Amino acid sequence: MAMAAIASTIVYILGTVLYGVLTGLVVRRRGKTASEMILLFLGASAGLWYLGNALDRSAELLIGRRPAAIVRVTDVFCCLGVAVVPSLLLLMALLYFHERKRRLPGRVLGLLGGALVLPVLPFAVLLVHIIGGEARLAPVSAGPAGRAFAAWLALSLVSSAWVCFRQVRRVRDVHEERLFRMLFWGIVLVAGALMASPLLMEGQAAALRPASEGDLMVGLAALFPGVVFAYYVYRHNYLEFVLRRSIFYAFLTLLAIGIYYVLIRELSLWLGQRVEGLNTPLVEAILVIGLVYLFPRMGDGLRRLLRLVVFPRSADAAQRLSVVNQDVLADPMVEPQKALERVCRAIRDGCRVRSATILLRREDRIARYGSRTPRTFSEADFDAILAVCETSGSAWLERQEVRNAPCLTAMRKLGAYSVYPVVQAGRHCGLIAVGRSPAVLPLSEDASEQLVVMANRIADAMGRAELIQETMRLQRRLYGREKLVSLGQLAASVAHEVRNPLSSIKSLVQCLAEDLEARGIEVEESDLIVEEINRLNRTVSGLLRYARAPADGDRAADFADVLQTVLQVLHHEFERRGCRLETDLPEDLLPVAANEDELKEVLFNLLLNALEAMPEGGRLRVSAQSADGRLTASVADTGVGIPGELLERVFEPAFTTKPGGTGLGLSIVRERLRQAGGSIVCRSAPHGTVMELDLPLAGRPPA
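Note that this note's numbering has the sequence shown beginning at 85, numbered continuously upward.
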């Protein structure tokens, strides 16, 4: 068999694979538009035409002839494939005119579409005769029907070329402009191949059944538009289709194998002509067996060549992400904010995308790092994406492949074209959302695999960070207990070394003042000395209260009763400062698991602090409620507030913002609540402070 016949067989096999893959892409798309339906039928018809010719050429290649049964089957495939191509191309032109120029009435559009499909009917009759063995496709293509079909096909090609030419001028995206320009020249190439084919010159429609002399030219020309479209689908996700690089590699590898086989045939023929007695079939067999050895290396070499020549940006992105995985995420994220922000910047720079966001579930909120997320993106959207990640079982999600409506909506809100879930201990707890590049280039599989590794490393780093934070928390608690023991010893020493001398000094000052008054001498400084001594006594008492162990006895206290007692003590303080009191306590408030004296001390400190924060008067509101075994209460004032940078320090011992304050009041409050199994949180605004308490109810074990 001539080299042209072998090459044409390879071309038709490649065309069958190519158009079959493109048809499968459209078949998987849900909710197809009219344009996508036309693309579907175009791909299917081209694939059938290539399949029919591939079977015909393969039969001749393998058994040296074309049996009648195979000819009938191949004629059916070619007839099915090529019959509808002109009508589909003209329908595409009509749809373009309808969408771009003017909105045709539905009835008119339907009539025109039906008229364009009418020329297919004679092929239906021909198909019946071919199946029944009453007709052959080749003789028909050589007659008047073949010439009429050639004219019909030429009209459809001209209309398609016109649409592509118009699109080149209309589209704004540079990549889409190149696509339509290449499609335009591809259609011109197909038309030129049909006209240049010797068969067409003799009056036979080459598109119906090209013979061996002209089929290579026609097959290659018809392959070009499909290759162009497949490249833009792979490289730019055109129309949001996704073509994996593995398919692209497989197609090119198949092409390389075909070229290798053609070269084997030519080499064996060349050697047979120059070496007398050479067994050329044996040479071909040896070289084919060598292909088995060369095939893996051929695939690896092809991948490396494509990465260097065709996909340098993809290789660069994968390399950058690999460096991030090794460097940034190697250490535990003790400071996750800085580390994850750096990761997002590395993704944006390495992959050259518009946005990169990391979302992680943190207790009662979603922590967001990297690119700004819109306000409309909610926790429900976050859960919708993770739910699809869990059910799909895929390592990552591509927007084009998502069929779940809530997940698709959430990804659009986030501006994400691909999502990589973060899985920790078998639970989906976050995601990496990557946007589209300015050049509309999809991420390569290598880059996506690096992002999957990155998501896993983030999960590992989070686990290590949690362990480190828990260790640090336990160390702080241990250090706090050691400080408490030291403070207790210090307090005992202070009580012995300071309090007793203070009592003696106070007694002497009072006696001295009385003696001087009896002599008629007024000493105003004596009252000041006594007041300062009292202040020192209060400081010592605070140290003792802070360091003492929790009181034994009854561990149930009525919050409302204790509050009422404290309010009675502070009644005059409220009046003196002109502060208004508001309470919101339900009647069915349950007792808390705390000592009554300790709870009284807690409320007294909180209310007194609130009053001191409102020297010009204001409103103090106390509210409480019990639910789920806990009592939550709040003490809110309308005072000066606390600066945000000081909120975390207000509970530290000896820290105070008040002149002359000891800095022990809130420390005592937090310690008493902790001993009772409760907690306290301070929140401040520009005009006021809120202290939120949480305590277990009586009968419940402390948390």
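Ideal Cβ positions, reconstructed from N, Cα and C, are used throughout, including at glycine. Just so we're clear, the structure is a prediction, and the values are computed from it rather than from any experiment.
Per-residue DSSP class, three states only, for residue i
i    : result
V774 : strand
V478 : Reading the sequence as shown, one finds Ser at residue 478 and not Val. S478: coil per DSSP, three-state reduction.
Y501 : coil
R557 : helix
G276 : helix
A138 : helix
S462 : coil
S455 : coil
D672 : coil
R506 : According to the sequence shown, residue 506 is Val rather than Arg. V506 falls in the strand class under three-state DSSP.
A640 : coil
M495 : helix
A290 : Per-residue confidence for A290 stands at a pLDDT of 47, beneath the threshold of 50, marking its modelled position as unreliable; the derived number appears in the next sentence. Coil at A290, not helix or strand.
E360 : coil
T100 : helix
R231 : helix
G270 : helix
V255 : coil
N488 : coil
I726 : coil
T117 : coil
Beta-carbon proximity of residue i to residue j, cut-off 8 Å
i    : j    : result
V168 : S129 : yes
V507 : W480 : no
E682 : R758 : no
R150 : T93  : no
L424 : Y377 : no
L106 : G310 : yes
L704 : L715 : no
V486 : A500 : no
A720 : V774 : yes
L498 : T457 : yes
V614 : V593 : yes
N693 : G728 : no
S763 : I726 : no
E685 : I617 : no
L795 : L123 : What is shown of the chain runs 85 to 787, which leaves residue 795 out entirely.
V160 : L211 : yes
I90  : R349 : yes
L176 : V247 : What sits at residue 176 in the sequence shown is Met, not Leu. Their beta carbons are under 8 Å apart, which means M176 touches V247 by this criterion.
L674 : S710 : yes
L515 : L470 : yes
M698 : R661 : yes
Min CB distance residue i to chain B below 8 Å
i    : result
E696 : This model lacks chain B altogether; it includes just one protein chain.
Residues sharing a beta bridge with residue i, DSSP
i    : result
E666 : R705
R445 : I450
T716 : Q709 and D778
I764 : L777
D721 : L704 and T773
A539 : None, per the DSSP bridge assignment.
A440 : V518
Alpha helix (DSSP H) segment containing residue i, residue limits
i    : result
R156 : A152 to A167
V44  : In the structure displayed, the chain extends from 85 to 787; residue 44 sits before or after that span and is not available.
L483 : For clarity, residue 483 is Arg in the given sequence; the question names Leu instead. Run containing R483: none; DSSP gives neither H nor E here.
A677 : Careful: A677 lies outside any alpha helix (DSSP H) and carries neither H nor E.
V192 : G190 to V201
F735 : No alpha helix (DSSP H) contains F735, which DSSP labels as neither H nor E.
I214 : L205 to I215
I605 : Segment: none, I605 is in no alpha helix (DSSP H) and carries neither H nor E.
R754 : G749 to Q759
Whole-number beta carbon distance between residue j and residue i, since they are thought to touch under 8 Å
i    : j    : result
G772 : G701 : With a Cβ gap of about 13 Å, G772 and G701 do not count as contacting.
T158 : G127 : Actually they do not touch by this definition, with Cβ atoms about 19 Å apart.
L788 : G356 : Any property of residue 788 remains undetermined from this structure, which presents the chain solely from 85 to 787.
A440 : A640 : With 8 Å as the limit, A440 and A640 do not qualify as a contact, their Cβ atoms being about 54 Å apart.
L808 : I341 : Outside the shown range of the chain, which is 85 to 787, sits residue 808, and nothing can be said about it.
G761 : A677 : 7 Å
L178 : L200 : 7 Å
V312 : L267 : 6 Å
F264 : Q251 : 4 Å
Heavy atom of the ligand NAD within 7 Å of residue i beta-carbon
i    : result
A479 : Among the components of this structure there are no ligands whatsoever, and the ligand NAD is therefore not found.
Delimiting residues of the beta strand (DSSP E) encompassing residue i
i    : result
V518 : R511 to V518
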